[in-house]
Amino acid sequence: MKFVLASTLTFTAVHAFAPLAPRCGKPFVVPTKTVLADDKGGMFFASSDETQTPEATKTTKDDQSLEEEEVEAMVQKALKKNKIISNLRSERGNEYAPWMGITENDENEIRKIMRDKAEVRRRRRDEELTVRGALLKDSTVQELSGTGLKSKVVDGTSVELEWSTGGETSTKGFIIKRRAAKQPDFEVLASYETYGPLVSKGVEGGDYRYLDENVGYGSWFYRITECEESGLENDMSQCLVDVETDEEQRGAVLAAGAMALAAVAAVVAGSLLDPVQY
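If you're matching positions, the sequence shown starts at 38 in my numbering and goes up one per residue.
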């Protein structure tokens, strides 16, 4: 009796944990290989060396998201200022500035300008990581001290550079370099070895100027490198210059004018809401 009971329990346990066999009469075959799948039903494959890691992908997406958020915030700020101006009305209901109504084209132009400004900021932050010498200092300190590189677009296609030095105890001269904003390498525009005005002015230093003619449209980085008698080179200062087309200049004027009028509109609105009582 015990033997029959034990056999029955063993048979029941084996069938309880065994895979279910099909009812069609064909023998059930247990597969020798298994394929892993994720919870969503997709196949799972091991990543190769060329596949971008999730961390890198996430970082890139985060950077793009932050840049888009920055652009959108700048656009909404500009649109809000224009909306304040266009909605101002007198007691009779007349618009103070009906010409400031923002069309879809105006909004797209403002968005493009703000996106370019955000891109310029990003490039400046990246550029600070690739310099040596005096450029390791904060650029704001250079501007306040007067040692920074100043630039000015002349006649639409030429760039005038100007910088000053407070002392040149061991300086042989200077080299002017330039590169397009989206290019990694600088090219030498002029050197003290071939252009006399870039030779050192002596221990007390002085003012330097250079005119880069026939510059193409776009964004350009200019860098001033100081060459010492010992052979060392120090990146002294640099700046980013935007050479704009006529269309881009008109768009910039539109955005600047809208922001300037916003300040006037705020004053007018304040006087209407809180008039002076006599």
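We treat Cβ as the ideally placed atom computed from N, Cα and C, and that holds for glycine.
Please read all numbers here as calculations on a predicted model, not as lab measurements.
Is it buried or exposed for residue i, if we count other Cβ within 10 angstroms and need 16 for buried?
i	result
Gln-113	exposed
Val-108	buried
Glu-230	exposed
Whose C-beta lies closer than 8 Å to the C-beta of residue i among residues of the same chain, with five residues either side of it excluded?
i	result
Asp-332	It is not possible to answer for residue 332, since the shown part of the chain is limited to 38 through 315.
Ala-155	Glu-104, Glu-107, Val-108, Met-111
Could you check the C-alpha separation between residue i and residue j for me, to the nearest Å?
i	j	result
Lys-189	Thr-202	19 Å
Asp-153	Arg-260	21 Å
Gly-210	Gln-220	26 Å
Glu-205	Gly-233	16 Å
Ser-228	Asn-142	46 Å
Leu-235	Asp-279	24 Å
Glu-241	Ser-207	11 Å
Arg-246	Ser-256	20 Å
Leu-248	Gly-185	17 Å
Ser-237	Gly-243	9 Å
Trp-200	Arg-159	24 Å
Three-state secondary structure (DSSP) at residue i?
i	result
Glu-270	strand
Glu-205	coil
Leu-235	helix
Gln-220	coil
Glu-199	strand
Asp-279	strand
Glu-265	strand
Val-191	strand
Val-252	coil
Val-225	strand
For a cutoff of 7 Å on Cβ pairs, would you count residue i as touching chain B?
i	result
Phe-211	Of the chains in the structure shown, none is chain B; there is only one protein chain.
Identify, in the order they occur along the chain, each residue of the same chain with its Cβ nearer than 6 Å to the Cβ of residue i, setting aside the five sequence neighbours on each side.
i	result
Glu-270	Thr-262, Cys-264
Tyr-254	Val-280, Thr-282
Quick one: residues in its chain with C-beta nearer than 7 Å to the C-beta of residue i, no 5 flanking neighbours on either side, listed in chain order?
i	result
Glu-266	Ser-207, Lys-209
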